[in-house]
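Here is the structure we will look at, set down as structure tokens.
Residue numbers (full-length UniProt numbering): 1 to 303.
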């Protein structure tokens, strides 16, 4: 399985408007845009740093043929736990069905079998209406909006019982010593094969230095847990082959990917960093808060 890594630099200063143009280096001329919603051909990108509708274009793309190593956040596909609970089995089975239906609908549409695509679309709608995880998420949201907090707590407890992973959003946000780390994950259908137990998730990370000291990212540590609670630890030097220096009030963004053998899971970890304005400064760990990897839709917004 191939993996990809995309990187972005962000200038967060609000001074004079500046535009930067740069070439894009891509695999077969294709890149996944920042919202992960479409694939598009890109030759080069210009970014007006202070534009109200600011866009980030791909600066580089590295491809790792074996899906492991420095450019793949997840490393090897974790093995399955031989003794999952009944709730886990049920949730994983439903998630696999959902992923398979979506892939079948896409295949039918591409082959111009629109009658079959419409039939599968209708099946997906019924599935989404009856799927407990999606239904409980909706009930929780409605209960909170109506300030029915006791009902919301009850729905949350029931959801936790049937699918613990689903309580975790596909995004996270944490700040350590002024270093903010935001993450957003998304399921990539085109790179996944549900019938073979292969699920491909991309995630985008934004690191913002809100402190008054420059820092350098030295190492990364990921804790990856699949839907069967099988956990894998992954350590590496820097991110996407670099150890970026992040100046005060600026940021660094990159994208990577994680293959799983289950349709859901979660990731968390930390970055080891150091201040570089003083010789001999000790290193410190910056938290990456837990976020979900899920084939089911998530209401979380991109950043």
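Just so it is clear, CB atoms sit at the ideal spot from N, CA and C, and this is done for glycine as well. Here the structure is a predicted model, which is why all the values come from computation and not from measurement.
Helix, strand or coil at residue 111 according to DSSP, with G and I counted as helix: For this step, residue 111 is matched to residue 111 along the chain shown. Note: residue 111 maps to coil in three-state DSSP.
What residue range does the alpha helix (DSSP H) around residue 218 cover? Translated into positions along the chain shown, residue 218 becomes position 218. Membership of residue 218 in any alpha helix (DSSP H) is not indicated; the residue belongs instead to the beta strand (DSSP E) covering 215-226.
Once DSSP output is grouped into helix, strand and coil, what is the label at residue 202? Counting from one through the chain shown, the residue named residue 202 turns up at place 202. DSSP, read as helix, strand or coil, puts residue 202 in strand.
Helix, strand or coil at residue 182 according to DSSP, with G and I counted as helix: In the chain shown, residue 182 corresponds to position 182, counting from 1. Three-state result, residue 182: strand.
Does DSSP put residue 133 in a helix, in a strand, or in coil? Residue numbering aside, residue 133 sits at position 133 when the chain shown is read from its first letter. Residue 133 falls in the helix class under three-state DSSP.
Cβ-based burial, residue 182 [other Cβ within 10 Å; buried from 16]: Here residue 182 corresponds to residue number 182 of the chain shown, with the count starting at 1. It is buried - the Cβ of residue 182 has at least 16 other Cβ atoms within 10 Å.
CA-CA distance, residue 76 and residue 241? Here residue 76 corresponds to residue number 76 of the chain shown, with the count starting at 1. Here residue 241 corresponds to residue number 241 of the chain shown, with the count starting at 1. Residue confidence is low: residue 76 scores 33 on pLDDT, short of 50, so the model does not pin down where it sits. Its coordinate-derived value is still stated next. Inter-residue distance for residue 76 and residue 241 is about 18 Å (C-alpha atoms, whole angstroms).
What would DSSP say about residue 232, mapped onto helix, strand or coil? Here residue 232 is taken as the residue at index 232 of the chain shown, counted from 1. In the structure shown, residue 232 sits in a strand (DSSP, three-state: E or B).
Have a look at residue 253 and residue 294 and give me their C-alpha separation to the nearest angstrom. Taking the chain shown and counting its residues from 1, one reaches residue 253 at position 253. Taking the chain shown and counting its residues from 1, one reaches residue 294 at position 294. One C-alpha to the other measures close to 22 Å.
Starting from residue 260, trace the beta strand (DSSP E) in both directions and tell me its first and last residue. Taking the chain shown and counting its residues from 1, one reaches residue 260 at position 260. It spans 250-260 - the beta strand (DSSP E) in which residue 260 sits, taken as one unbroken run.
Starting from the C-beta of residue 143, find all residues in its chain whose C-beta is less than 8 Å away, skip the five residues before and the five after it, and write them out in chain order. Numbered from its first residue, the chain shown carries residue 143 at position 143. The residues are 149, 151, 152 and 155.
So, for residue 272: in the same chain, excluding its five sequence neighbours on each side, which residues have a beta-carbon less than 7 Å away from its beta-carbon? Position 272 of the chain shown, counted from the start, is the residue given in the question as residue 272. 218, 219, 283 and 285.
Starting from residue 293 and walking both ways along the beta strand (DSSP E), at which residues does that stretch end? As a first step, residue 293 is located in the chain shown; it is residue number 293 there, counting from the start. From DSSP, the beta strand (DSSP E) with residue 293 extends over 283-294.
CB-CB under 8 Å to residue 91, same chain, minus the five flanking residues each way: which ones, in chain order? Counting from one through the chain shown, the residue named residue 91 turns up at place 91. Apart from the 5 residues on each side of it in sequence, residue 91 sits with its Cβ closer than 8 Å to the Cβ of 133, 162, 163, 165, 166, 227 and 264 in its chain, given in chain order.
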